Structures are given as structure tokens and as C-alpha cells.
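FYI, in our numbering the residues of the sequence shown are 3 to 346.
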Amino acid sequence: DVRRLPLSSFGKKSLLTRIIGTASFMIQVIWRGLFTFNLSGVLFSTSPPLIGFAATVIRIFRTVPTAYWAMDLNPDQLIALGKLTRDHPIAAFLESANRMILRNASLIVALDRFMAERLYQRGNFRDRLVIIPPWPHETFVEPVPHEANPFRARHNLTGKFVIMYSGNHSPSNPLDTLLKAAVRFRDDPRLVFMFIGGGIGKKDVEDFIRENELRNCICLPYQPLEDLRYSLSAADVHVVSLGQNMVGIIHPCKVYGAMAVGRPVLYLGPRPSHIADLLDQHNFGLHVSHGDIDAAVAAIDRLSNTDPQILARMGRIAQNVLHQQLSQELLCGRFCDGLELILR
């Protein structure tokens, strides 16, 4: 039973509308939490900011357990992006709030071992923390053969080798290296670079493509959920990007969509990291550091000239890892086990 709270969002046009929406949501959450009959516990995540404060208020007054599902970490992300300094009053306030929230949580769920290590720096709660990666949309994501894929036909991709980035375009997932590599392949008629999604970084991608007159690049908005299997399967290789200072702060969820449709991965980002761990252990993709354009060009050239059967084998490895270790059934089961322990 999902109950949506009214007047909890007024759009993202200005900081004021965001603050008003967040404040309205927080007040309603606290009110519902304090006066809901037979409340057994509270599960909260990292959005909106400080929602953990509302959960802690409810915990104190209702004496119920709380579970904190960490999706990303702040002020860590703001500091890593250069939007705050570590000694800024807002950063200090967020850090204090985080420590209070973690101290009061009965269960803490981190998405990978790097995020867990960052959380451990805020207190001694190893006995309350579990690592559970997010699971993919298995209902909507499954491989579709190229020859039966209407998305490839609609975008004239027959006979093309498609390098795709699909997801949020943001400073936390920089694409400069991929775009500069696309410039090097501008005269190769077989290669197509697709950028699907949105976000504050999407305009930068579109501007770069326009300014460099890249006819080998296609930009599309987010695709409907029911069409996700077709858009993701249209790729021959999926690009997953993680910002240089973002390890343990955000989790590279895009890799799971690529794995679900059985496609090799080209990872742009630092190592060690969660994706680097997956690639090192299972060998279904290549790694390139941000800024290394020559390495990116070499990796794309290597992948695009690899025997299709070898690429398909790499994709099957990715699929098998997902089904055996990262499936919704397995991870959701572990998540529910953790909740049941604190609700007893």
C-alpha cells in the first residue's frame, strides 16, 4: 500500500520552490509518523536531504526501529564537486546531521564496500551495516536481438556499431573523455555514439556535439520504461562513467542495465571502485581513466573490431553474474531479511 503525500513538490525551477516542497514533505512525514496507528518501523533513504532527521524524530517519540538506505552521500558529493569546502558551515551541519542519523539507525544499508568504508568513518556501527547493491528493473530489462529491435530500425542503426551512454548526465558522471574520443572517430561511418537521458550535464553534451559538428553522435531523451529493453539492447557496448572523486559517494547503477541486456561495458573512471571490481573479477569490459583520450580511442577501436561472438560471450558473462549474484530476488531477499531482524 503506497500512499503519496500531497503538496510535497513544487518543481525545481528555483531553490525556494525546492525548499518549500522539501519542508512540506518533511512536516507531513513527521506528522504521519507520529500519529500512524500500529507503526512498526521506518525505512528512509537519502532524498530529500535531511529526511533522516524526520525519521529520527519519529524513532525518538514512537520508539520504533529505523533503517537507513544510503543511495549517495552528502556533504561528500558537494565537496567532491567543489560546490562546498569541507570547513563550510553547511558542510559541517550536514556532517553533524549524518552522524546523528547514523547513530540512531537500527540498520544501515550501503550500496558497495567503498560507500561502507566512508560510512564507517562516521562511527562504529559495523554490526548494524550491511552491503546490498541496488537491483535492476528485471521486469523491463531483457536482451533484444539487433535484428528484432525496433529501436535500432527507428534510428537507422542497422549495420552500425553503437557505443551508448544511457542515464543521468551530471558532473558526477563526466563524459568529456568519451566525447573527445568520438571526435577522433568522426570519419568512421560504422561507429555511432548514443547519449540517452537527461540531467544538468545533458546540455553540455549537446553543445559539444553541435560545436564539433559530430554527425556520428545521437542525443535522445529518457526513454519510456516499457521501451527500456529496446533502447539498452540497441547498444553494442555500454559506457559507464564515475567521477574521479565519486568512489563510495555515489553508486554506478548504470552498469546493471548493461549487464541485464548482456552487453560489454566500457568503464570511464577511477580504480579501485565497484565497477573496477566487477570487471577485474569477471572480465566483461574494459577500463579507461578520465582524460586518457588515447586509451579511450584504443579501447573503442579494440571493442568495435572484436569478433561479435567474443563480445556476445562477454555479454553472457555479465548476464550470468547479474542473475547469480545481483538479481532482484537475491538482493531484495537480503534487504527484507535485514528489515525483519530489526522489526522483531
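C-beta: ideal position from N, C-alpha, C; glycine also.
Keep in mind that this is a model prediction, so the values were computed, not measured.
Note the first and the last residue of the continuous beta strand (DSSP E) segment covering residue i.
i	result
Ser243	239-243
His289	287-290
Val220	Just to set this straight, residue 220 is Ile in the shown sequence, not Val. It spans 219-222 - the beta strand (DSSP E) in which Ile220 sits, taken as one unbroken run.
Phe46	44-46
Val323	From DSSP, Val323 is part of no beta strand (DSSP E) but of the alpha helix (DSSP H) over 310-327.
Taking the continuous alpha helix (DSSP H) assigned at residue i, which residues delimit it?
i	result
Ala150	From DSSP, Ala150 is part of no alpha helix (DSSP H); its letter is neither H nor E.
Val59	53-64
Val299	295-306
Leu280	276-284
Val207	204-213
Ser233	230-235
Glu119	115-122
Using CA atoms only, rank isn't needed, just tell me which of the options is closest to residue i.
i	options	result
Asn151	Ser233, Ser26, Arg105, Val241	Ser233
Arg217	Asp206, Val185, Leu313, Arg88	Val185
Pro77	Phe95, Val66, Ala69, Ile60	Phe95
Thr111	Ile92, Ser235, Arg315, Leu131	Sequence check: residue 111 is Val here, not Thr. Selected option, being the one with the closest Cα: Leu131.
Arg318	Leu113, His284, Leu345	His284
Met316	Cys338, His240, Leu333, Asn106	His240
Asp206	Phe195, Glu215, Asp189, Leu177	Leu177
Gly84	Phe55, Ile53, Leu181, Asn247	Asn247
Ile21	Leu52, Thr38, Asn40, Arg6	Leu52
Arg64	Trp71, Tyr70, Ala56	Ala56
Thr24	Ser49, Gly335, Tyr269, Arg6	Ser49
Trp33	Phe127, Glu215, Ile60, Phe210	Ile60
Gly259	Val249, Arg188, Val242	Val242
Glu250	Ala262, Leu268, Ala278, Phe37	It should be noted that the sequence gives Gly, not Glu, for residue 250. Nearest option by C-alpha distance: Ala278.
Gly340	Ala236, Thr19, Leu45, Arg5	Leu45
Ser26	Thr38, Pro8, Leu41, Asn40	Pro8
Asn238	Leu80, Val66, Val263, Gly54	In the sequence as displayed, the identity of residue 238 is Asp instead of Asn. Selected option, being the one with the closest Cα: Val263.
Leu324	Asp282, Asn307, Leu227, Pro135	Pro135
Phe337	His171, Val290, Val66, Trp71	Trp71
Ala69	Leu36, Gly35, Leu104	Leu104
Glu213	Leu181, Leu288, Met166	Leu181
Can you tell me which residues form a DSSP beta bridge with residue i?
i	result
Asp74	Ile252
Leu131	Ile110
Ala69	Leu45, Leu109
Phe2	In this structure the chain extends from 3 to 346, so residue 2 is not present and cannot be described.
Ile29	DSSP lists no partner for Ile29.
Tyr269	Val242, His289
Val164	Val194
Beta strand (DSSP E) runs contained entirely in the segment 167-199, provided each spans 3 or more residues: Taking only runs of at least 3 residues, the beta strand (DSSP E) segments lying wholly in the segment 167-199 are 193-198.
Meets three-Cβ-pair contact criterion under 8 Å: the segment 193-211 and the segment 307-315: The segment 193-211, when compared against the segment 307-315, does not touch it at the 8 Å Cβ threshold.
The segment 114-126 / the segment 68-75 touching (three or more Cβ pairs under 8 Å): Segments in contact, yes.
Cβ contact (3+ pairs, closer than 8 Å) linking the segment 141-156 and the segment 82-101: No: the two stretches stay apart, fewer than three of their Cβ pairs being nearer than 8 Å.
Stretch-stretch touch, CB-based, cutoff 8 Å, three pairs: the segment 251-271 with the segment 156-175: They touch, by the three-pair rule.
Cβ pair count under 8 Å reaching 3, the segment 102-110 against the segment 270-283: By the Cβ rule, the segment 102-110 does not count as touching the segment 270-283, because fewer than three pairs are nearer than 8 Å.
Contact the segment 291-298 vs the segment 317-331: 3+ CB pairs below 8 Å: Short answer: they don't touch.
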